[in-house]
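J.: Protein chains in written order, with the numbering used here: chain X, 1 to 190; chain R, 1 to 214. All residues carry an ideal CB built from backbone N, CA and C; glycine is no exception.
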Amino acid sequence: MIQKQRGGGDARALDSATTPPDGRPMAEQPKWRRDFPIDWAQDEYVSRRELVKFMVLTSAAFTAGQFWILFESVFRRPAAAAPGVAIATVDELPIGGAKTFTYPEGSTPRLLVRTGAASFVAYDQQCTHLLCPVVPAVELGRLHCPCHNGWFDLETGRPVAGPPQRPLPRVLLDVRGGSVFATGVEESTT
Amino acid sequence: MPVPATLEFFIDPGRCIGCQACIQACTECDSHKGQSMIQLDYVDRAHSTQTVPVVCMHCDSPTCAEVCPADAIKRTEDGVVQTARKPRCIAYSNCVLACPFGVPKMQTRMNLMMKCDMCYDRTSVGLKPWCASVCPSQALAFGTREEMARLRPQATPVNTFQFGAQTIRTRVNMMVPREAAVEVVDVTAAMHEPTIGHAILDDVFAEDPDGGDL
Chain X
1 MIQKQRGGGD ARALDSATTP PDGRPMAEQP KWRRDFPIDW AQDEYVSRRE
51 LVKFMVLTSA AFTAGQFWIL FESVFRRPAA AAPGVAIATV DELPIGGAKT
101 FTYPEGSTPR LLVRTGAASF VAYDQQCTHL LCPVVPAVEL GRLHCPCHNG
151 WFDLETGRPV AGPPQRPLPR VLLDVRGGSV FATGVEESTT
Chain R
1 MPVPATLEFF IDPGRCIGCQ ACIQACTECD SHKGQSMIQL DYVDRAHSTQ
51 TVPVVCMHCD SPTCAEVCPA DAIKRTEDGV VQTARKPRCI AYSNCVLACP
101 FGVPKMQTRM NLMMKCDMCY DRTSVGLKPW CASVCPSQAL AFGTREEMAR
151 LRPQATPVNT FQFGAQTIRT RVNMMVPREA AVEVVDVTAA MHEPTIGHAI
201 LDDVFAEDPD GGDL
């Protein structure tokens, strides 16, 4: 910092440098002493060049970020659909019954709920508030998070009461041949 | 704006009459938040009315700043050591313990070390610090060296202090008798001398000069 100042900084500030206790010049002092100068001017010192450099680089980073977002929104291809995975048989669950599964393999637990004779819904089990597992309250048509009394609509996964603001990620299902297949995950932030 | 280098602070304890005007005036300084940063020390209270005003000496190598673990004490280019910077001060009190002159004081209500900053808002625009402007006997004086030489022909300013092996040069001057012809105020040298009018020695290991048991 001090070396930098010597280049084009305020020479007067340097001349009045505080004397180190051993009296040797500042150039011979340990690095920590140069890093933590007692002199106000050196402590506060930001050269015009450093400020401009910081401003330009920060602005450039923001601009590049904007272009990256634009690129992503125009050119990003939807992720290849994961192959359907059988997660349950229709007979396995009674109406109103539920089970957890993972899809794709290694995911966070998902919750499959049978809401009717041939209707199933599946959501991520983590509450979108603070990741507590939600439990089905089928008779109310809702999913309940007991941690902070959050409620989600069973049909859509949208938050209806309590702290959660975002809907539960929905697992897309396909019921065929007496089995329930998970075919994709629909993330939504609204 | 820095304090002009020609303007210096002069302390002459021999002129102090203990009126405490400096203490009151110090609280008036805009940058002192109503706190007084001057202490008036009694030299030997039982036997003498002599007092000594203690203000910051503004060392060239400020020990308070050297020991600050939070890097909060800074010295401006004119040599004035400023009060700890509020965003940094962690009220660790290292400076309070380390200062050889005993100047910094911890304001526990604010968790901030505050010390004499030579009334920076005044001296940086060429005014006298509050204490020096109110001192009736000019024990605390602020002005040029030439002024002091003219007004006090029998005294001379000294700004080097010796504390054992540590030599401290300060921006503030102590007035000493001109005939003494000293260049250094040896502070610790007097510690082994018996205090005036006391039968008790400061140095408990020293022999009693009267020869009796202490």
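(1) So if DSSP puts R:Thr-167 in a beta bridge, which residue, or which two residues, is it bridged to?
(2) Using a Cβ-Cβ cut-off of less than 7 Å, list which residues of the segment 20-39 of chain X approach chain R; keep chain order.
(3) Per DSSP, what are the beta-bridge partners of X:Ala-88 in this structure?
(4) Would you say R:Ser-61 faces chain X, with C-beta separation under 8 Å as the test?
(5) Kindly list the residues whose CB is nearer than 7 Å to the CB of R:Ala-70, restricted to its own chain and excluding five residues on each side of it in sequence; keep chain order.
(6) Is DSSP giving R:Asn-173 helix, strand or coil here?
(7) Taking the alpha carbon of R:Ala-189 as the reference point, which residue from R:Arg-169, R:Glu-77, R:Gln-162 has its own alpha carbon closest?
(8) Considering just the uninterrupted stretch of the beta strand (DSSP E) at X:Gly-65, what are its terminal residues?
(9) Take R:Arg-152 and list the residues in its own chain whose beta-carbon comes closer than 7 Å to its own, dropping the five residues that flank it on each side.
(10) Could you pull out every residue in the same chain whose Cβ sits closer than 6 Å to the Cβ of R:Arg-85, ignoring the five residues on either side in sequence?
(11) List, in chain order, every chain X residue whose beta-carbon is nearer than 8 Å to that of R:Gln-82.
(12) So which of X:Val-171, X:Gly-141, X:Leu-172, X:Asp-174 has the shortest CA-CA distance to X:Val-160?
(13) Whether or not the segment 29-38 of chain R and the segment 109-120 of chain R are in contact is what I'm after, with contact meaning three or more pairs of Cβ atoms, one per stretch, closer than 8 Å; do they touch?
(14) Mapping the DSSP letters down to three states, classify R:Cys-131 as helix, strand or coil.
(15) Anything in the segment 165-194 of chain R with a Cβ closer than 7 Å to a Cβ of chain X? List those residues in chain order, please.
(16) For the candidate residues R:Arg-45, R:Ile-23, R:Leu-7, whose alpha-carbon lies nearest to that of R:Cys-135?
(17) Quick check on X:Gly-183 - is its C-beta less than 8 Å from some C-beta in chain R?
(18) Between X:Asp-153 and chain R, is the shortest Cβ-Cβ distance under 8 Å, so that the two count as touching?
(19) For the segment 166-174 of chain X against the segment 104-124 of chain X, do three or more pairs of beta-carbon atoms, one drawn from each stretch, fall closer than 8 Å, so that the two count as touching?
(20) Beta-carbon of X:Asp-43 versus every beta-carbon of chain R: anything under 8 Å?
(21) Of the choices R:Met-1, R:Ser-31, R:Ala-98, R:Met-57, whose alpha-carbon is the least far from that of R:Leu-140?
(22) Secondary structure at R:Ala-98, three-state DSSP: helix, strand or coil?
(23) Counting only beta-carbon atoms, is R:Arg-122 nearer than 8 Å to chain X?
(24) Using the beta-carbon of each residue, which ones in chain X are nearer than 9 Å to R:Thr-76?
(25) Mind listing the chain X neighbours of R:Glu-66? Cutoff is C-beta to C-beta under 7 Å, in chain order.
(26) Looking at R:Arg-169: is its Cβ nearer than 8 Å to the Cβ of R:Pro-157?
T.: To lay it out plainly:
(1) For this step, residue 167 of chain R is matched to residue 167 along the second sequence. Bridge partners of R:Thr-167: R:Gln-162.
(2) Pro-20, Pro-21, Phe-36, Ile-38, Asp-39
(3) Numbered from its first residue, the first sequence carries residue 88 of chain X at position 88. For X:Ala-88, which the question treats as bridged, DSSP gives the partners X:Val-180.
(4) Sequence index remark: in the second sequence, residue 61 of chain R carries index 61 (1-based). Yes, R:Ser-61 lies at the interface with chain X (some Cβ there is under 8 Å from its Cβ).
(5) Within the second sequence, the letter at position 70 stands for residue 70 of chain R. Non-local C-beta neighbours of R:Ala-70 in its own chain, meaning closer than 7 Å and more than five positions away in sequence, comprise Arg-88, Cys-89, Ile-90, Tyr-92, ordered along the chain.
(6) For the purposes of this step, residue 173 of chain R is taken as residue 173 along the second sequence, with counting starting at 1. Three-state result, R:Asn-173: strand.
(7) Translated into positions along the second sequence, residue 189 of chain R becomes position 189. Checking every option, the nearest Cα to that of R:Ala-189 belongs to R:Gln-162.
(8) Counted from its first residue, the first sequence places residue 65 of chain X at position 65. X:Gly-65 -> not in any beta strand (DSSP E); alpha helix (DSSP H) instead, spanning 48-75.
(9) One-based indexing of the second sequence puts residue 152 of chain R at position 152. Cβ neighbours of R:Arg-152 beyond the five flanking positions: Met-175.
(10) In the second sequence, residue 85 of chain R corresponds to position 85, counting from 1. If you ignore the 5 residues before and after R:Arg-85, its C-beta comes within less than 6 Å of the C-beta of Ala-72, all in its own chain and listed in chain order.
(11) Reading the second sequence from its first residue, position 82 is the one you call residue 82 of chain R. Here the neighbours are Trp-40.
(12) Position 160 of the first sequence holds residue 160 of chain X. Answer by Cα proximity: X:Gly-141.
(13) yes
(14) Mapped onto the second sequence, residue 131 of chain R falls at position 131. Three-state DSSP puts R:Cys-131 in a helix.
(15) none
(16) On the second sequence, residue 135 of chain R is found 135 positions in, with the first residue counted as 1. Relative to R:Cys-135, the option among R:Arg-45, R:Ile-23, R:Leu-7 whose CA is nearest is R:Ile-23.
(17) Taking the first residue of the first sequence as position 1, residue 183 of chain X is located at position 183. Before going further, note that residue 183 of chain X is Thr rather than Gly in the sequence given. Cβ-Cβ to chain R under 8 Å: no for X:Thr-183.
(18) Taking the first sequence and counting its residues from 1, the one referred to as residue 153 of chain X is at position 153. The beta carbon of X:Asp-153 sits no closer than 8 Å to any beta carbon of chain R.
(19) yes
(20) Here residue 43 of chain X refers to the residue found at position 43 of the first sequence. Cβ-Cβ to chain R under 8 Å: yes for X:Asp-43.
(21) Indexing the second sequence from 1 puts residue 140 of chain R at position 140. The candidate whose alpha carbon is nearest that of R:Leu-140 is R:Met-57.
(22) One-based indexing of the second sequence puts residue 98 of chain R at position 98. Three-state result, R:Ala-98: helix.
(23) On the second sequence, position 122 is the one that residue 122 of chain R refers to. Taking Cβ atoms only, chain X never reaches closer than 8 Å to R:Arg-122, which makes this a no.
(24) Residue mapping note: residue 76 of chain R aligns to position 76 of the second sequence, counting from 1. Those are Ser-16, Asp-39, Trp-40, Ala-41, listed as they occur along chain X.
(25) What you label residue 66 of chain R is simply residue 66 of the second sequence in a count that begins at 1. Those within 7 Å of R:Glu-66 in chain X are Pro-21.
(26) For the purposes of this step, residue 169 of chain R is identified with residue 169 of the second sequence, where counting begins at 1. For the purposes of this step, residue 157 of chain R is identified with residue 157 of the second sequence, where counting begins at 1. Not in contact: R:Arg-169 and R:Pro-157 (Cβ atoms no closer than 8 Å).
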